[in-house]
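Numbering (full-length UniProt numbering), first residue to last: 1 to 193. The C-beta atom is built at its ideal place from N, Cα and C for all residues, glycine as well. A short worksheet on the structure shown next.
As structure tokens, then:
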């Protein structure tokens with residue numbers, strides 16, 4: 001009697017979804033959209049919080065009540081573990097509560113890059129920070145733009161600070177998570193470098 005060999009089943013690539021979207025009341029809808037796109041692309045999404053969870057729930061540590069250090073540590077460790085097991089990271093770097101990306105997302109990008117994971121970043125904002133700051137900026141006699149606090153504004157036409165943008169394999173302005181996931185697929189297919 002001969003045994004049948006198992007079919008060559010390839011493991012689905014795991015993609016960590018980074019960004020401040022978890023803080024949106026629309027998080028469950030966003031997570032469903034991401035899951036549908038991942039299913040179409042044969043990816044497994046890894047989320048920072050469960051896709052069905054909304055942070056606006058009774059007794060939710062860190063949102064509807066002050067969380068403990070233990071609560072914060074648990075979330076931190078879960079996110080780090082998800083990033084370490086991911087094959088790639090898709091990061092929403094749309095300005096959050098100011099002119100730059102969410103600080104947690106920036107950390108997640110750095111962690112992914114430090115572990116050799118490709119990062120595809122997207123921003124729904126089409127303006128570079130220098131364009132947003134220029135409205136209230138003054139100019140030095142040498143032509144540098146100064147923000148209202150007196151610091152030089154970097155101008156590289158990047159969606160955010162150059163250290164974040166350059167760490168990412170791709171930066172897409174005016175795009176969304178679906179387009180970023182499709183770009184990850186092209187990277188895995190060898191169509192993007």
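Counted within 10 angstroms of its Cβ, other Cβ atoms place residue i as buried (16 or more) or exposed
i           : result
residue 84  : exposed
residue 108 : buried
residue 118 : buried
residue 46  : buried
residue 183 : buried
residue 138 : exposed
residue 189 : exposed
residue 151 : exposed
residue 62  : exposed
residue 102 : buried
Coarse secondary structure for residue i, derived from DSSP in three states
i           : result
residue 136 : coil
residue 78  : helix
residue 185 : helix
residue 60  : coil
residue 88  : strand
Sheet register partners of residue i (DSSP bridge)
i           : result
residue 45  : 15
residue 171 : 121
residue 128 : Answer is none; residue 128 lacks a bridge partner.
residue 152 : 146
- Message: Within 8 Å, do at least three Cβ pairs link the segment 121-141 to the segment 151-164?
- Response: yes
- Cβ contact check for the segment 57-68 and the segment 97-111: 3 or more pairs under 8 Å: no
- Flag this pair as touching only if the segment 173-183 and the segment 73-83 have three or more C-beta atom pairs under 8 Å; answer yes or no. no
- Message: Assess contact between the segment 24-40 and the segment 49-57, defined as three or more Cβ pairs (one per stretch) separated by less than 8 Å. Is contact present?
- Response: yes
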